[in-house]
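Anchor point for the sequence shown: position 502 equals 489 in the working numbering, and the numbering is continuous, going up by one each time.
Ideal Cβ placement from N, Cα and C applies to all residues, glycine included.
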Amino acid sequence: MDSRSTFFRSMFVAAGLFCAIFAAEFAMEYIRLGQPSLADMSWADANNAKIVDILSPMARAYNNILAMLIATIGLAIPLTANMHTPKLIDMFLRDRTNRFMLFACAFGAANVLFADWLVGPNFATMWTFRISVIGAILGWVALVPYFFYVVRFLDPSNILSRLKDQTCEALADVHSGKLAPNKGQVIVHERLNQIGTIILKSIDRADRSVVTEGVWTLKQILDVYGEAKAKMPHDWFRVDRQDFVGMSSEALELLNEDGTWFEMKVMGQMYLAYQQALSKSTDAVSWISDATRVIGTLAHQRGDRRAAGLIVKFFNNYLREAIKRKDMHALYDLYYQYRCLGRDTTSDAELVRKIGGFLRIYSLAAGNAGLTFAAHMAAFDLGWLVRRAYDNGCDAAADLLAEMLRFDHMAGGKPQPMLIEAKVILGAGLAESGRSAEAELVRANLSNVPGSVLGDVAKTLLENTERSFYEVTDRQVNFEFVPPARRPHVKALVEQLAAARAEVDNA
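Shown next as structure tokens:
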């Protein structure tokens, strides 16, 4: 891992620096004193008690090292575990570098005491003495790099990286046959829950960078899994109530049939984070919806239709929660990501057809909840998706157009200007691309719009020349902006509708 390699690299640099300084000191004194023999530089057999005197402060030095390490670990690890995940303690103790350092320092302290005990009036244990001296020096050499290592270990970014690596390692072991599927599932469930816990606690503390990294970590895990999914053993795709507590037996049966329990587990963590973010960190909603859209797009590209369909369901859950909380910011972002998912999956007509239908269904739900603007905003996004479907030759384009025309722009006999504008923009776009038959369907659908309303719509769409919205938003593009090349088609459509309406009124 990066933190481990940094630790060893720092320790080697410190060791080299210490050795260079000590060697220079020794060389200067050795030359100054006339290059004495080894016997002149040793207390062995001359004054063995002096060796014991040298070992005593060395033992105290080891005690200081151990006290500093244990105090740091004893305070930092539980505090950090309480902030992120209680499993951090287990992760710390399982780490090979941490176990090596604690064991090495304990061994060094014990070895000094043992060497001290061995020395007698006529018995000088020089090799034990040398090992003790070298060990003490190495202990102090490693002390500062190891403190840096511990601090890096506690960094939430590194914790997430470790959890991701452990999850991916478990997936690889199941795939290669080194790990039984049921044991791999236990590891995966535990690691994903830990990642989810870190994200939730980070949202509570408004630690936005960790939230972003956590969400993207889940996305990266699904990327790795997506590549290996087709090669996983059959038993891997079977789960029971223990894995999904609270899920009905029928739901588990469907999950086993689809083979999407892993995606369900990952997206379940994402959904919990989304629910928490709605009330505590609205910008995290954007990161979650963006990651969800990317996950769905990649699943579609891999040909995993069931996983892509599951992502659509989670988008619907997102929309439902946003409507319940009447969160306009979330809806504003979700509609955009949902339509982009439809754009990216136009080769799957069935999936795009569902997305178009759900866009309209949840726009109606928003309207029923009193979010009229959100309901009408969905019409602009669905109209945008209709044009992309026709441009990409999607077989669901006609069905999407039918969904668009089902928006009631004369609800209760009262004109809905935004819905009318969305349909006019769509009709003009279809006419611009040479789809006269489809444009005629839009014109016929708008034939009941009063002439006075048509005039206002034409004025809004033709005179609105600012592409950028007059407030700062996530999208920033003005819904009512019409590209210059399309404006003649808007004008022609409105004039046709006005003329037809005038004939009806005069009849």
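For residue j and residue i, believed in contact at Cβ under 8 Å, the rounded distance
i           : j           : result
residue 433 : residue 484 : 6 Å
residue 187 : residue 265 : So it is not a contact: roughly 13 Å between Cβ atoms.
residue 50  : residue 96  : 6 Å
residue 94  : residue 85  : Between residue 85 and residue 94 the Cβ distance is about 15 Å, and since that is not below 8 Å, they are no contact.
residue 52  : residue 130 : 6 Å
residue 481 : residue 444 : 7 Å
residue 401 : residue 356 : About 19 Å separates the two Cβ atoms, so there is no contact after all.
residue 198 : residue 268 : 6 Å
residue 1   : residue 132 : 6 Å
residue 286 : residue 213 : 7 Å
residue -3  : residue 135 : 6 Å
residue 242 : residue 226 : 7 Å
residue 388 : residue 425 : 6 Å
residue 438 : residue 489 : 6 Å
residue 256 : residue 182 : 6 Å
Beta carbon of residue i nearer than 8 Å to that of residue j
i           : j           : result
residue 295 : residue 332 : yes
residue 473 : residue 421 : no
residue 467 : residue 447 : yes
residue 497 : residue 253 : Nothing about residue 497 can be read from this structure; the chain reaches only from -12 to 494.
residue 230 : residue 273 : no
residue 338 : residue 284 : no
residue 275 : residue 202 : yes
residue 330 : residue 375 : yes
residue 407 : residue 373 : no
residue 145 : residue 118 : no
residue 190 : residue 278 : no
residue 208 : residue 143 : no
residue 206 : residue 299 : no
residue 459 : residue 404 : no
residue 175 : residue 157 : yes
residue 45  : residue 123 : yes
residue 141 : residue 200 : no
residue 293 : residue 222 : no
residue 305 : residue 368 : no
residue 318 : residue 361 : yes
Three-state class that DSSP yields for residue i in the structure shown
i           : result
residue 235 : coil
residue 334 : coil
residue 175 : helix
residue 481 : helix
residue 464 : strand
residue 455 : strand
residue 471 : helix
residue 366 : helix
residue 346 : helix
residue 394 : coil
residue 291 : coil
residue 434 : coil
residue 422 : coil
residue 352 : helix
residue 144 : helix
residue 119 : helix
residue 379 : coil
residue 403 : coil
residue 277 : helix
residue -3  : helix
residue 152 : helix
residue 21  : coil
residue 443 : helix
residue 358 : coil
Neighbourhood of residue i by C-beta, 6 Å cutoff - its chain only, sequence neighbours within 5 removed
i           : result
residue 82  : none
residue 297 : 247, 250
residue 224 : 246
residue 88  : 133
residue 379 : 333
7 Å Cβ shell around residue i - same chain, five flanking residues per side excluded
i           : result
residue 336 : 381, 382, 383
residue 262 : 308
residue 162 : 215, 218, 219
residue 325 : 302, 342, 346
Cutoff 8 Å; reference residue i; Cβ partners in own chain excluding five residues on either side
i           : result
residue 410 : 366, 370, 391, 392, 394, 396, 429, 432, 433
residue 469 : 412, 415, 448, 449, 451, 477
residue 463 : 455, 456
residue 92  : 49, 52, 53, 56, 126
residue 101 : 115
Residue i at chain B interface by Cβ criterion, 8 Å
i           : result
residue 291 : No chain B appears in the structure shown, which is made up of a single protein chain.
Item to check | Complete beta strand (DSSP E) runs within the region 71 to 105 (minimum length 3 residues, chain order) | outcome: Segments of the beta strand (DSSP E) lying fully in the region 71 to 105: there are none.
Item to check | Residue ranges of each beta strand (DSSP E) within the region 191 to 273, 3 or longer | outcome: Qualifying beta strand (DSSP E) stretches: none in this window.
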